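Colleague: Next up is a structure, given as structure tokens.
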Amino acid sequence: MLRDITLGQYYQTDSVIHRLDPRVKLVTTLCYIISLFIVDNWIGYVIAGLFLLAVIKLSKVPFKFMIRGMKAIVFLLLIAVVFNLFLTPGEPLVTLWKLTITREGIRLASFMAVRLVFLIMGSSVMTLTTTPNNLTDAIEKLLGPLKVIKVPVHEIAMMMSIALRFIPILLEETDKIMKAQIARGADFESGNLIKKAKSLVPLLVPLFISAFRRANDLAMAMEARCYRGGEHRTKMKPLAYRKRDAIAYIIVVCYLAVCIVCGKILW
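So this is what it looks like as structure tokens:
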């Protein structure tokens with residue numbers, strides 16, 4: 288299950304999406320997430336789904352790989368759907384004991400499920416097609432104007448990149464620790480909620496120790512290489528916009544316009 292989480296991983300291949308400037312991919316992802324909250328009908332979500340499928344196809348990332356990454360949020364997805372299904376007031380359709388399923392609840396739960404799936408898959412496409420170093424450079428460039436008001440842009444971008452990069456590392460570490468504890472007789476499945484929470488202690492303690500050890504090793508490595516922050520630092524491969532990046536921006540603007548028109552006005 289832990290190995291199924293694709294967020295934070297990088298999929299090595301050659302595609303149009305991989306060759307785009309990381310700033311374009313970051314802005315596109317933000318615009319896509321915004322579009323998911325703009326639309327509130329099936330027309331808008333169909334457009335968002337077609338746009339996402341086109342991007343996945345161009346990225347050459349296997350669709351099965353994207354679907355595998357959804358397994359990690361099944362529990363969260365079920366919670367969101369159930370709460371919206373039973374706790375949304377409106378026209379009642381089915382009554383189960385004290386719980387009532389309404390027409391508005393079905394609509395809201397369906398939209399919430401589709402929105403979560405598209406949001407996770409859209410974010411995964413960005414991380415799967417962008418290296419952590421390029422993502423750091425993109426965040427630093429986009430937040431560059433904030434340096435005027437003394438915001439530590441480089442440090443913020445570095446922390447976000449390190450956190451994103453450590454997601455698959457810590458997941459792999461968790462998987463190893465869990466298998467080792469199971470081999471020693473640990474049981475993470477049986478029992479009530481309190482017993483399951485207590486059974487996680489042998490898993491969390493070594494995981495935290497491993498995380499702090501990795502953080503200390505990273506800090507020592509950065510100090511050994513005389514890392515002093517973002518001031519006056521040069522880059523071996525500075526970011527530069529190309530013609531394909533301008534075309535991508537135009538496509539994103541057109542996509543947002545279509546979402547607003549078809550998802551709001553025409554509806």
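Plus 287 on top of the position in the sequence shown (first one is 1) and you've got this note's numbering.
Think of the CB as a built atom: it goes at the ideal place given N, C-alpha and C, for glycine as much as any other residue.
As the structure is a computational prediction, the values presented were derived from the model and not from experiment.
Taking Ile-304 as part of the beta strand (DSSP E), name the residues at either end of that continuous run.
Modeller: Where Ile-304 is concerned, there is no enclosing beta strand (DSSP E), although the alpha helix (DSSP H) it sits in stretches over 303-306.
Colleague: Based on Cα-Cα distance, which residue from Leu-317, Phe-362, Leu-505, Pro-419 lies nearest to Gly-409?
Modeller: It is Leu-317 whose Cα lies nearest to the Cα of Gly-409.
Colleague: Please return the same chain residues whose Cβ sits closer than 7 Å to the Cβ of Leu-345, not counting the five positions on each side in sequence.
Modeller: Result list for Leu-345: Ser-302, Val-303, Ile-304, in chain order.
Colleague: Quick one, which of Leu-415, Arg-500, Glu-378 has its alpha-carbon nearest Met-353's?
Modeller: Comparing Cα positions, the closest option is Leu-415.
Colleague: To which residues does DSSP link Thr-387 through a beta bridge?
Modeller: DSSP lists Thr-382 as partners of Thr-387.
Colleague: With a threshold of 16 other CB atoms inside 10 Å of the CB of Met-413, please say whether the residue is buried or exposed.
Modeller: The residue is buried, with at least 16 neighbouring Cβ atoms inside 10 Å.
Colleague: Can you give, in chain order, each stretch of the beta strand (DSSP E) that sits fully within the stretch 382-437 and has at least 3 residues?
Modeller: Runs found: 386-389.
Colleague: What do you reckon, are the CB atoms on Ala-425 and Arg-531 nearer than 9 Å?
Modeller: Not in contact: Ala-425 and Arg-531 (Cβ atoms no closer than 9 Å).
Colleague: Does DSSP classify Tyr-298 as helix, strand or coil?
Modeller: Tyr-298: coil per DSSP, three-state reduction.
Colleague: Between Phe-495, Leu-433, Leu-487, Ile-407, which lies nearest to Leu-339 when the distance is taken from Cα to Cα?
Modeller: Looking at the Cα atoms, Ile-407 is the closest of the given residues.
Colleague: How would you call Cys-546, buried or exposed, if buried means at least 16 neighbouring beta carbons within 10 angstroms?
Modeller: Buried, by the Cβ-count rule.
Colleague: By the 10 Å Cβ neighbour count, where 16 or more other Cβ atoms means buried, how is Thr-382 classified, buried or exposed?
Modeller: Exposed, by the Cβ-count rule.
Colleague: Using 8 Å for Cβ pairs, my map puts Ser-486 next to Phe-475. What's the rounded Cβ distance?
Modeller: With 8 Å as the limit, Ser-486 and Phe-475 qualify as a contact, their Cβ atoms being about 5 Å apart.
Colleague: Distance check for Pro-489 and Arg-471, CA to CA, integer angstroms please.
Modeller: Distance between the alpha carbons of Arg-471 and Pro-489 is about 11 Å.
Colleague: According to DSSP, simplified to helix, strand and coil, what is Ser-477?
Modeller: In this structure, Ser-477 counts as coil in the three-state DSSP scheme.
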